[in-house]
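Chemist: The structure under discussion is supplied below as C-alpha cells; questions concerning it will follow.
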Amino acid sequence: VLTDFESPGGSFVNSKRVTQQALKPGDLICIGATHLQFLDDQGEPAAGIPVAAPVGQPAARRVLPGKWAHALVGKTFAHYQLGPILARGHSGFVFHGRDVKRNLPIIVKVLDPAFSADAKAVQRFVRAMKAVLPLRHPHLVRVYGAGKAEGYCWVAKEFIRGESLAAVIGRIDVAGHLDWRRVTHVAFYIGRALEYAHSKKMVHHNVTPQNILLGHHVKETKLSDLMLATALEEDPTKPISAAGVPSESLAYMSPERTDGPDAKVDPRTDVYSLGATVYAMLAGRPPFQADIIPALVQKIRLEAPPPFADRNIRVPEQLEAILHRMLAKRPQDRYPSMRDFLKDLQRFAKSQAPE
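Residues 31 to 385, numbered by our numbering, are exactly what the sequence shown covers, in order.
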C-alpha cells in the first residue's frame, strides 16, 4: 500500500494523485521527479510489458529485470569487487565496490547484458572509456577502469561521500529553496569541469542533477558519467516505461538533443543543460515539465522558461539574464563556450560581493 503523508508535491499512481492506494503489479508511481514501477515479490513485470532478452537469447531463458544484477554481488571484475547494489538506472545497475589492489571504496556501474551482446555497442563503449581514463580534474568523477567481463560491460569510478544534486533538488519543496550564492558556486565548479572536458574535444551530452554529486563541502562538487551517454548512444526522448513516461534527463536536454541520439551537437548543448540544472536548483524543478514526451519536447523547443518571479522566487536579475542566455533555443544565441559563461558568472559574483 502506498500512503502519501501530506507531501507538498503529492504522490501519483498511474497519473492520478492519491492519498492511499493498494498497489498491483505494473502500477506506475510518480513522486516528485522520481518514477517507479511496482513489481510483485518475484520481480514479475507488468502484464503486457515485454521483458527484453539479450540478442540471440531464446525467450525461454529470458532473465527477469534485476535478477542478473543480484547474481553479480561479490564477483570481481579485474581487481574491482562488486558489493551491494546502490541504484538501478535505465542502462544498468550501480554497485558499491572496492578496489582490492589499493583497498579503496569505489562505484561500479554494470551495463545491461543486452548492451554487451551488441559488438558495435561494445566497441563504442571501449573507445569512449579509453578517452576518459586519462582525464584528471578536481570536479570530474575519476574513472579508474573499464572493461568487459563474464558478458557484462562495466566501469569503475571514484566513490564520492555525499549525495546527488537530484536528491537535494527533490527536497526543496520541503526544506526550502537553495541560496543563490551556493547555486552559483556549484554552477562554477561544474562549468570548470565541462570547460576542461570541452578542451579535450569531449561533450558530456547528459549534464543533469542525477550526474552531479555534492560532497560535504561545495568545493567537492563533481560531475559524473562523462562520455557515457555517447558510449550508450542514449536517446533522451525514449520513454522509461510502456506508459510513455519521460526519462528524468529529458527535461534537462537542449532543443537539439530532443532530435534523438543522432542529433548533431557541440559544447553549447552542455551549456544549455547546465543552465537547466542551475534553473532547477533555484526553482526546485526544471524549466519545463510534462507527463508525456511529445508535450515536454514541444515545451523545450518552443516555450520560454517561466520567470522566477512567477514562482515567487527571488533571484538577482543578472543571474536570471545569464540563465536566459544559457537556455536560448538556438545554439548560436547561447554562450559560445563554457569559458565565456564562466567569465560572465565570475563578473556577476564579483558585482554581488560586499564592499
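The beta-carbon is built from N, C-alpha and C at its ideal position, and this holds for glycine as well.
Being a predicted model, the structure only gives us computed values, none of them experimental.
Taking residue 118 as the reference, give the member of 176, 99, 378, 338 with the closest Cα.
Modeler: Residue numbering aside, residue 118 sits at position 88 when the sequence shown is read from its first letter. Nearest option by C-alpha distance: 99.
Chemist: Let me confirm a value: residue 205 is counted as buried when at least 16 other C-beta atoms fall within 10 Å, else exposed. Which label applies?
Modeler: Within the sequence shown, residue 205 is the residue found at index 175, counting from 1. The residue is exposed, with fewer than 16 neighbouring Cβ atoms inside 10 Å.
Chemist: Helix, strand or coil for residue 35? Go by DSSP, reduced to three states.
Modeler: Here residue 35 is taken as the residue at index 5 of the sequence shown, counted from 1. Note: residue 35 maps to coil in three-state DSSP.
Chemist: Just the Cα atoms here: how many angstroms apart are residue 144 and residue 339?
Modeler: For the purposes of this step, residue 144 is taken as residue 114 along the sequence shown, with counting starting at 1. For the purposes of this step, residue 339 is taken as residue 309 along the sequence shown, with counting starting at 1. If you take the alpha carbons of residue 144 and residue 339, they lie about 47 Å apart.
Chemist: Per DSSP, residue 65 forms a beta bridge with which residues?
Modeler: For the purposes of this step, residue 65 is taken as the residue at position 35 of the sequence shown. Note: residue 65 sits in a beta bridge opposite 60.
Chemist: Grouping DSSP H, G and I as helix and E and B as strand, with all else coil, what is residue 328?
Modeler: By one-based count along the sequence shown, residue 328 stands at place 298. Of the three classes helix, strand and coil, the one that applies to residue 328 here is helix, per DSSP.
Chemist: How about residue 184 and residue 176: are their beta carbons less than 8 Å apart?
Modeler: Here the question's residue 184 lines up with position 154 in the sequence shown. Here the question's residue 176 lines up with position 146 in the sequence shown. A contact, by the Cβ cut-off of 8 Å.
Chemist: When burial is assigned at 16 or more other CB atoms within 10 Å of the CB, is residue 241 buried or exposed?
Modeler: For the purposes of this step, residue 241 is identified with residue 211 of the sequence shown, where counting begins at 1. Buried, because 16 or more other Cβ atoms sit within 10 Å of the Cβ of residue 241.
Chemist: Over the uninterrupted alpha helix (DSSP H) stretch that includes residue 138, give me the two end residues.
Modeler: Sequence index remark: in the sequence shown, residue 138 carries index 108 (1-based). Per DSSP, residue 138 belongs to no alpha helix (DSSP H); it is in the beta strand (DSSP E), 134 to 141.
Chemist: With a 10 Å radius around its C-beta and 16 neighbouring C-beta atoms as the bar for buried, classify residue 342 as buried or exposed.
Modeler: Position 312 of the sequence shown, counting from 1, holds the residue named residue 342. By the 10 Å Cβ count, residue 342 comes out exposed.
Chemist: Checking the sheet assignment: what are the DSSP bridge partners for residue 176?
Modeler: To locate residue 176, count along the sequence shown from 1; it is residue 146. DSSP output for residue 176 lists 185 as bridge partner(s).
Chemist: Go to residue 26, then tell me how far its beta strand (DSSP E) extends in each direction, as first and last residue.
Modeler: The shown model of the chain, from 31 to 385, leaves out residue 26, and the question about it has no answer.
Chemist: Identify the continuous beta strand (DSSP E) that holds residue 41 and give its terminal residues.
Modeler: As a working note, residue 41 is residue 11 in the sequence shown. That run of the beta strand (DSSP E) goes 41 to 43.
Chemist: Based on Cα-Cα distance, which residue from 360, 353, 324, 167 lies nearest to residue 269?
Modeler: Translated into the one-based positions of the sequence shown, residue 269 becomes position 239. Checking every option, the nearest Cα to that of residue 269 belongs to 324.
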